[in-house]
Amino acid sequence: MDTQVNVAVIYYSSTGNVFELAKAAVTAAEKVGAEVRLRKVRELAPAEAIASNQGWSDHAAVTQHIAEATLDDLDWADAILFGAPTRYGLPAAQLKQFIDTTGPLWAAGKLVNKVGSSFTSTGTAHGGQESTILAINNTLYHWGAIIVPPGYAEPVQFQVGNPYGASHVSQNGEVLPGEVELASMDLQTRRVVEVAKAMRPGRMAWPQPALTA
Ligand SMILES: Cc1cc2nc3c(=O)[nH]c(=O)nc-3n(C[C@H](O)[C@H](O)[C@H](O)COP(=O)(O)O)c2cc1C
14 MDTQVNVAVI YYSSTGNVFE LAKAAVTAAE KVGAEVRLRK VRELAPAEAI ASNQGWSDHA
74 AVTQHIAEAT LDDLDWADAI LFGAPTRYGL PAAQLKQFID TTGPLWAAGK LVNKVGSSFT
134 STGTAHGGQE STILAINNTL YHWGAIIVPP GYAEPVQFQV GNPYGASHVS QNGEVLPGEV
194 ELASMDLQTR RVVEVAKAMR PGRMAWPQPA LTA
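Whatever position you read off the sequence shown (first residue = 1), add 13 for my numbering.
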């Protein structure tokens with residue numbers, strides 16, 4: 014019997030590059046039978062900043078219909094894929110702010126044994142893809158999540174060159190993810206879903222630890 018898994022793809026994107034990867038994750042997860050929620054995190058930047066950048070305001074308009082991430086999305090998910098652009102070598106604050114609202118779920122032990130994985134986009138090739146993904150993944154350690162990276166599990170990873178998570182160099186917003194980056198996202202998502210499927214029967218059987226006294 015095939016095991017149904019719930020996948021939350023939770024992302025932030027200013028100018029659409031991470032959004033393209035997030036959409037590829039949704040397609041890949043659905044292709045292997047997962048139930049998927051695509052969720053953007055809340056924008057924190059002031060309206061004037063967004064309006065001053067055509068790419069940013071266009072992207073905000075195009076993604077207006079996408080629901081904002083809530084704690085229920087994390088609670089519901091067996092597996093979570095987090096995506097954020099790099100900001101000075103770190104994930105965008107908008108994603109971090111959402112992560113910082115998860116205390117109640119963490120305290121109730123509800124994030125333990127989730128399957129997690131992260132992806133990013135930078136402006137430049139050595140602009141901090143790995144540091145961004147590793148920074149997001151630090152949270153997954155705290156949750157007691159099972160981190161599933163793409164590694165070099167398929168040949169496309171030798172083209173994209175980043176075993177930590179799907180990554181794209183946008184040349185500062187000039188180039189959207191192409192075939193190789195989307196294939197890497199596809200691989201990463203399939204691996205996440207496969208591991209989540211394998212783990213789900215056990216996860217359902219284990220008691221949820223309550224971390225608060
Ligand atoms: C404030 C700020 C800081 C950034 N810092 C970096 C950086 O450290 N390294 C890098 O390569 N690109 C950096 N970028 C570029 C973005 O990460 C890049 O354009 C990314 O592809 C945007 O993704 P998005 O289209 O999903 O928003 C920065 C952009 C901004 C606005």
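Beta carbons are placed, not taken as given, at the ideal position from N, Cα and C, and that holds for glycine.
On the three-pair Cβ rule with 8 Å, is the region 116-129 touching the region 24-33? Counting Cβ pairs under 8 Å, fewer than three are found: no touch.
Minimum C-alpha distance to A35 - residue among I149, Q201, W156, Y154: Taking the sequence shown and counting its residues from 1, the one referred to as residue 35 is at position 22. The shortest CA-to-CA distance from A35 to any of I149, Q201, W156, Y154 is the one to Q201.
On the DSSP letters alone, give me the boundaries of the alpha helix (DSSP H) that I79 sits inside. Indexing the sequence shown from 1 puts residue 79 at position 66. Careful: I79 lies outside any alpha helix (DSSP H) and carries neither H nor E.
With a threshold of 8 Å (Cβ to nearest heavy atom), would H72 be considered close to ligand 1? Looking up residue 72 in the sequence shown gives position 59. Taking 8 Å as the cut-off, one finds at least one heavy atom of ligand 1 near enough to the beta carbon of H72.
Rounded to whole angstroms, what is the Cα-Cα separation between M217 and V20? Position 204 of the sequence shown holds residue 217. Position 7 of the sequence shown holds residue 20. Cα-Cα distance, rounded: 16 Å.
Is the region 161-172 close to the region 52-63, with three or more CB pairs under 8 Å? For the pair of segments examined, the region 161-172 was found not to touch the region 52-63: the number of CB pairs separated by less than 8 Å stays below three.
Do you know offhand how far H228's Cα is from L94's? Summary: the structure shown does not reach residue 228, with the chain confined to residues 14 through 226, and so no result is reported for it.
Going by DSSP, what residue range makes up the alpha helix (DSSP H) through G68? Translated into positions along the sequence shown, residue 68 becomes position 55. DSSP places G68 in the uninterrupted alpha helix (DSSP H) bounded by 67-75.
Find the nearest neighbour of E187 within the set S134, G174, R204, R213, judged by alpha-carbon distance. Here the question's residue 187 lines up with position 174 in the sequence shown. Residue S134 is the option with its Cα nearest to E187.
CB of T76 to nearest heavy atom of ligand 1: below 8 Å? By one-based count along the sequence shown, residue 76 stands at place 63. Not under cutoff, so the answer is no.
Unbroken alpha helix (DSSP H) run spanning R203, endpoints: Counting from one through the sequence shown, the residue named residue 203 turns up at place 190. It spans 192-218 - the alpha helix (DSSP H) in which R203 sits, taken as one unbroken run.
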